[in-house]
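Since the structure comes first, as structure tokens, the remarks are kept for the end.
Numbering (my numbering), first residue to last: 4 to 233.
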């Protein structure tokens with residue numbers, strides 16, 4: 004199975020090399036993004052998800068490293084090679100839970116008896132943190148042990164984990180108990196602040212998420228009983 008997948012991936016790589024489609028795709032993304040790094044990353048993410056749909060892991064990396072990784076290195080000069088490859092490979096794998104293909108969602112739906120498309124949508128919403136981690140690799144390569152110290156790495160890992168927790172809670176609408184809309188908005192904003200590299204944003208994010216946790220875990224009200232216990 005792996006050998007066949009790699010053989011097919013080799014054909015795709017050969018076509019890319021002969022036709023120059025990789026360079027054309029890079030030029031198109033550069034034109035559309037207008038030189039804005041975050042927009043270039045979003046467009047590359049979309050390309051990775053499309054190219055990774057229904058492709059096994061090994062072949063997935065071969066395709067991503069050949070077609071999309073060079074795009075990031077060209078669009079965002081100075082990006083570490085490891086960060087670029089982790090970005091594209093991560094999103095290539097995330098395609099397994101992203102509709103409309105979402106092979107992993109189809110497998111889960113077959114077990115649960117649910118609707119495959121709805122399962123894929125819910126899986127994407129619950130795994131939203133997986134769509135954020137690759138951006139952290141490129142925007143803050145210290146997570147990949149590139150030009151960093153142990154203290155910086157510990158800080159980045161802790162704040163990033165808290166940020167993903169905050170965003171997942173905000174989008175899911177539940178922490179210790181059901182979150183009203185304003186807590187969800189604050190949680191997502193705090194998560195983004197925690198993920199963004201910088202001491203100031205980390206402090207702001209910690210204060211906001213700390214405030215929400217106090218309300219969720221300490222302050223009691225008539226609706227404080229967790230959903231699972233009702």
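Note that the Cβ used here is the ideal one computed from N, Cα and C, for glycine as well. Fair warning: this is a prediction, and the values are worked out from it, not measured in the lab.
Original post:
Does the region 116-132 come within contact of the region 43-60, defined as at least 3 CB pairs closer than 8 Å?
Top reply: Under the 8 Å Cβ criterion, the region 116-132 does not count as touching the region 43-60, having fewer than three qualifying pairs.
Original post:
Would residue 126 pass as a contact of residue 97 if the rule is Cβ separation under 8 Å?
Top reply: No, Cβ-Cβ distance for residue 126 and residue 97 is not below 8 Å.
Subject >> residue 139 to residue 146 span [Cα, whole Å] >> reply: 8 Å
Subject >> Proximity to residue 16 [Cα-Cα], best of 88, 63, 144 and 158 >> reply: 63
**OP:** Taking the CB atoms as reference points, tell me whether residue 71 and residue 54 lie closer together than 8 Å.
**Re:** yes
Original post:
How would you call residue 152, buried or exposed, if buried means at least 16 neighbouring beta carbons within 10 angstroms?
Top reply: If you draw a 10 Å sphere on the C-beta of residue 152, you find fewer than 16 other C-beta atoms in it, and that means exposed.
Subject >> Cβ shell of residue 232 (< 8 Å), same chain only, five flanking positions each side left out >> reply: At residue 232 the pLDDT is 44, less than 50, meaning the model places this residue with poor confidence and gives no usable figure here.
Original post:
DSSP beta-bridge partners for residue 177?
Top reply: 181
Subject >> Span of the alpha helix (DSSP H), counted from its first residue to its last, around residue 77 >> reply: Counting along the chain, residue 77 sits inside the alpha helix (DSSP H) bounded by residues 72-78.
**OP:** Keeping to the same chain, check which residues put their C-beta closer than 6 Å to that of residue 77; ignore five residues upstream and five downstream.
**Re:** 29
**OP:** Counting only the same chain and skipping the five closest in sequence on each side, list residues whose C-beta sits under 6 Å from that of residue 208.
**Re:** 193, 196 and 197
Original post:
Quick one: is residue 44 buried, meaning 16 or more other Cβ sit within 10 Å of its Cβ, or exposed?
Top reply: Classification of residue 44: buried, given that the 10 Å Cβ count is 16 or more.
Original post:
What's the C-alpha gap between residue 158 and residue 165?
Top reply: 11 Å
Original post:
Cα-Cα, which of 162, 124 and 37 is closest to residue 107?
Top reply: 124
Original post:
Given residue 95, which residues of its chain have a CB within under 6 Å of its CB, disregarding the five upstream and five downstream residues?
Top reply: So the list reads 51, 55, 63 and 67, once near-sequence residues are dropped.
Original post:
Buried or exposed: where does residue 122 fall if 16 or more other Cβ atoms within 10 Å of its Cβ makes it buried?
Top reply: Using a 10 angstroms sphere on the CB of residue 122, the tally of other CB atoms reaches 16 or more, which defines it as buried.
Original post:
Got a sec, what are the start and stop residues for the alpha helix (DSSP H) residue 40 sits in?
Top reply: Membership of residue 40 in the alpha helix (DSSP H) is indicated by the continuous run 40-55.
Original post:
Pick from 92, 136 and 149: whose alpha carbon is nearest that of residue 167?
Top reply: 136
Subject >> Enclosing alpha helix (DSSP H) for residue 222 [first to last residue] >> reply: Neither: residue 222 is in no alpha helix (DSSP H) and is coded neither H nor E.
Original post:
Which runs of the beta strand (DSSP E), 3 residues or longer, sit entirely within the region 82-153?
Top reply: none
Subject >> Cutoff 8 Å; reference residue 101; Cβ partners in own chain excluding five residues on either side >> reply: 52, 56, 123 and 127
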